[in-house]
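Student:
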Amino acid sequence: MAWLLVGMAIYNDKSMADIVNMLDIVDRTGKPFVAPSALTQRRKNLGESAAKALFECTQSHWFTQANLPNWNGLTLLGVDGVLWRTEDSKDNAEMFAKPTNRDGKETQYPQVRMVCQMELSSHLITGSAFDCYSVNEMKLAEQLIETTPDNSLTLFDKGFYSLGLLQAWSSQGINRHWLIPMKKGLTYEVVQSFGRQDKLIKLKSNPQARKKWPELEQEVVVRLITRVKEGKQYDVLTSMVDPMLYPKSDIVGLYEYRWEIELGYREQKQYMLGNRLTLRSRLPELVKQELWGILLTYNLVRYQMVQMCNTLNGDYLPYQLSFNGALAHIMRLIVGLPYSSPGAIPRQLQNFYSMSGSLILEPRRERSLPRVVKKKPSRYPRKNNAAHLK
């Protein structure tokens with residue numbers, strides 16, 4: 001059934017029956033499944049916990065084996081949230097809830113809120129937590145504190161700003177740091193100045209935060225770094241307060257790499273799932289199982305891209321290879337494996353890794369146009385001078 005979860009994630013346009021036939025999946029007795037209901041029952045027997053355990057086991061092993069580069073001795077991580085639509089079933093609506101619009105009306109589909117932690121050079125997911133749509137992202141981020149590796153730097157979106165969360169993130173481990181954009185209007189006191197755009201500042205916590213986070217101090221010292229680009233000022237806060245270990249020149253452009261986790265979500269939703277409107281599962285436990293399967297499959301593809309980089313003659317990182325191209329090669333490889341003899345598999349893998357050179361992406365261009373949301377085109381012409389509107 002674990003292999004079925006992988007097939008569900010990458011063969012998004014195939015039915016469950018087709019995926020079972022393509023991957024030659026059989027039950028424990030070696031007999032093929034004869035009805036779709038048998039697949040659902042087997043998935044129920046597998047449950048969410050087994051899929052979650054498999055994801056955690058593989059991500060820990062792959063992350064260790066990848067031997068990824070670091071930044072000033074720190075593993076570069078990113079944390080951000082994402083929403084997943086589920087099938088509009090009664091069970092899913094009760095478990096995950098539906099968002100409401102401005103008029104207070106519920107939208108059509110229940111949604112799951114997820115927060116992931118990603119290693120930014122490889123896009124490997126190192127941790128994830130998800131729950132009902134109504135659960136705040138910072139609540140989910142708290143669950144990732146325990147699994148955050150030591151000697152790491154985590155980049156947050158400004159929506160995760162909470163002194164309690166940030167201090168807990170850096171204190172519950174060895175040499176764990178964070179970096180986050182400063183919110184507008186934040187009041188602070190300058191403690192020490194390392195330069196015009198590099199200061200040590202003191203922030204005061206409020207009683208509500210100290211009640212929620214008992215270990216939160218009344219005053220927290222952090223570092224404020226300012227960058228001016230194209231006439232616009234950008235301020236970031238970080239726990240890396242030592243300017244000798246972490247020079248300002250190394251930090252100033254670091255936050256741009258947080259965008260890699262946004263690209264990772266696009267790879268999962270657009271390339272793996274083919275922009276499916278909803279997940280497949282109609283039961284909450286199977287929805288959670290399917291999400292762990294998506295993360296497991298994404299890491300499977302990404303780890304193979306790490307292996308591809310090791311075969312290239314050059315200093316390439318996994319995010320510099322085409323995810324869409326690697327996924328296409330893996331989809332073809334997986335379909336043929338059930339019909340290959342064990343002795344032929346190493347040769348097939350060798351041929352697979354030999355294609356790595358064709359997946360190298362061109363260097364990314366700088367943004368030439370402002371980042372804006374374009375108006376969605378209408379299927380019908382708009383008549384601005386309609387009589388009934390006058």
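Following UniProt numbering, the numbering of the sequence shown begins with 1 at its first residue and continues without gaps.
For every residue, glycine included, the Cβ atom is placed at its ideal position computed from N, Cα and C.
Predicted model only: the values in this text are computed from it and were never measured.
I want to know whether the region 117-127 touches the region 255-270 - three or more CB-CB distances under 8 Å.
Tutor: Yes, the region 117-127 is in contact with the region 255-270.
Student: Taking only the alpha-carbon atoms, compute the straight-line gap between Leu68 and Lys211 and give it to the nearest angstrom.
Tutor: Cα to Cα, the separation comes out at about 39 Å.
Student: Per DSSP, which residues does Arg227 bridge with? Please list them.
Tutor: DSSP, once it has assigned bridges, lists Tyr234 as partnering Arg227.
Student: Among Leu76, Gln108, Leu144, which has the Cα closest to the Cα of Ser89?
Tutor: Checking every option, the nearest Cα to that of Ser89 belongs to Gln108.
Student: Counting pairs of beta carbons, one from the region 85-99 and one from the region 53-67, are three or more of them closer than 8 Å?
Tutor: Too few Cβ pairs lie closer than 8 Å, so no.
Student: Specify, as a first and last residue, the run of the alpha helix (DSSP H) that Trp259 falls within.
Tutor: Taken as a continuous stretch (DSSP letters only), the alpha helix (DSSP H) holding Trp259 covers 259-266.
Student: Applying the criterion that 16 or more other CB atoms from any shown protein chain within 10 Å of the CB defines a buried residue, is Thr100 buried or exposed?
Tutor: Exposed, since its Cβ has fewer than 16 Cβ neighbours within 10 Å.
Student: Would Ala51 be called buried (16 or more neighbouring beta carbons within 10 Å of its own) or exposed?
Tutor: Under this definition Ala51 is a buried residue.
Student: Could you pull out every residue in the same chain whose Cβ sits closer than 7 Å to the Cβ of Val191, ignoring the five residues on either side in sequence?
Tutor: Cβ within range, chain order: Leu200, Ile201, Lys202, Val221.
Student: DSSP state of Val79, grouped into three classes?
Tutor: In the structure shown, Val79 sits in a strand (DSSP, three-state: E or B).
Student: Can Phe96 and Val82 be called in contact, C-beta distance under 8 Å?
Tutor: Contact flag unset, no.
Student: Helix, strand or coil for Leu179 per DSSP?
Tutor: Residue state, collapsed to three classes: strand.
Student: Considering Val112, what are the terminal residues of the beta strand (DSSP E) in which it resides?
Tutor: 111-119 is the extent of the beta strand (DSSP E) around Val112.
Student: Which same chain residues, not among the five before or five after Gly7, have their C-beta less than 6 Å away from its C-beta?
Tutor: Hits under 6 Å: Ile19, Leu23.
Student: Judging by CA-CA distance, which residue of Asn351, Tyr271, Pro284, Leu277 is the nearest neighbour of Gln307?
Tutor: The residue with the shortest Cα to Cα distance from Gln307 is Asn351.
Student: Once the 5 residues before and after Gln143 are set aside, which same chain residues still bring their CB inside 7 Å of it?
Tutor: Closer than 7 Å at the Cβ level, and outside the excluded window around Gln143, lie Ala129.
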